[in-house]
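In the working numbering, the protein residues as written are 128 to 410.
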């Protein structure tokens, strides 16, 4: 059943449709999260064949997320294509300083820009919302430099508004938790490599297969995996400590630990962690 919108959200949806319609035609980034999916849906509705979604193929993006993005594009009815991005091969990205996201977005936007130039699309867009303006977002700098517009933010949509509109439009990702790229699991200042990202992906996929949801994070500390889950799931991880530890070690880590501080956004920014509990007997 379609969820009703508040009067202000009705106006926001109208503003979003106007902003998208004014683009004429657009190449947009689609990650499969709620922001980019809502944008893709409105672009498909307003521009039809004048919109194409780009799904990045990169070691920093899990295979499952990419598959989900493809399925969403097909469900929405927007043309899409997968484009390999090479940010992991960029030494500035791999150095993993505080502006790593700038180089990632610059790479993606450059690929989108090439498609637009070759095929005659008039604009580039991505799924930034109004709440993102207050966060540390180096990717916004790249967007500004490369003239990539943010229709959600332009229409004044905060995250809760994005979710409300997604529910109204019956999008299956309306309540999907935020999902940062795999490089966010490597502490700032430690090199990002394709091998590390693959190791994290294997570990997180194994934990998803054990039944833990997408809020699980495996932070990469060389031979140690520091697992973060929401506090309400800490006991569940401890109850299944042997299985969790086995899954993480099978991914290539020597030790599996559980961060007793629980999941927190940006938990990979610093090398320091909360109190870590070893899971099962190591060795």
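From the three backbone atoms N, C-alpha and C, an ideal C-beta is built for every residue, glycine too. None of these values were measured; they are calculated from a predicted model.
Start-to-end residues for the beta strand (DSSP E) that takes in residue i
i	result
residue 156	153 to 156
residue 176	Run containing residue 176: none; DSSP gives neither H nor E here.
residue 369	It is not in any beta strand (DSSP E) - residue 369 instead sits in the alpha helix (DSSP H) that spans 368 to 377.
residue 385	382 to 386
residue 252	250 to 252
Per-residue burial, residue i [other beta carbons within 10 Å of its own, 16 or more giving buried]
i	result
residue 392	exposed
residue 331	buried
residue 267	buried
residue 167	buried
residue 139	buried
residue 70	This structure gives no information on residue 70, because the portion of the chain shown stretches from 128 to 410.
residue 237	exposed
residue 106	Absent from the model: residue 106. The displayed extent of the chain is 128 to 410, so no value can be given.
residue 278	buried
residue 149	exposed
residue 189	buried
residue 162	buried
residue 137	exposed
residue 398	Per-residue confidence for residue 398 stands at a pLDDT of 46, beneath the threshold of 50, marking its modelled position as unreliable; the derived number appears in the next sentence. Flag for residue 398 reads exposed.
For residue i, the first and last residue of its enclosing alpha helix (DSSP H)
i	result
residue 325	321 to 336
residue 233	227 to 246
residue 201	190 to 203
residue 272	265 to 272
residue 289	286 to 295
residue 150	Run containing residue 150: none; DSSP gives neither H nor E here.
residue 299	No alpha helix (DSSP H) contains residue 299, which DSSP labels as neither H nor E.
residue 221	218 to 221
Proximity to residue i [Cα-Cα], best of the options
i	options	result
residue 309	286, 344 and 335	344
residue 198	355, 160 and 134	160
residue 368	354, 406 and 356	406
residue 284	293, 291, 365 and 257	257
residue 169	296, 389 and 375	296
residue 173	145, 195 and 365	145
residue 224	380, 372, 314 and 383	314
residue 365	136, 155, 335 and 386	386
residue 142	247, 377, 287 and 280	280
residue 191	153, 226 and 158	158
residue 350	362, 327 and 360	327
According to DSSP, residues forming a beta bridge with residue i
i	result
residue 208	181
residue 355	344
residue 276	252
residue 260	In the DSSP output, where bridge partners are listed per residue, residue 260 has none listed.
residue 403	386
8 Å Cβ cutoff, residue i in contact with chain B
i	result
residue 153	Here there is only one protein chain, and chain B is not present.
Sufficient close CB pairs (3 or more, under 8 Å) joining the stretch 312 to 323 to the stretch 294 to 304: Counting Cβ pairs under 8 Å, fewer than three are found: no touch.
Contact between the stretch 208 to 215 and the stretch 185 to 198 (3+ Cβ pairs under 8 Å): yes
At least three beta-carbon pairs within less than 8 Å, the stretch 336 to 348 to the stretch 249 to 263: no
The stretch 269 to 285 in contact with the stretch 230 to 247 per 3-pair CB rule at 8 Å: yes
The stretch 171 to 183 in contact with the stretch 199 to 207 per 3-pair CB rule at 8 Å: yes
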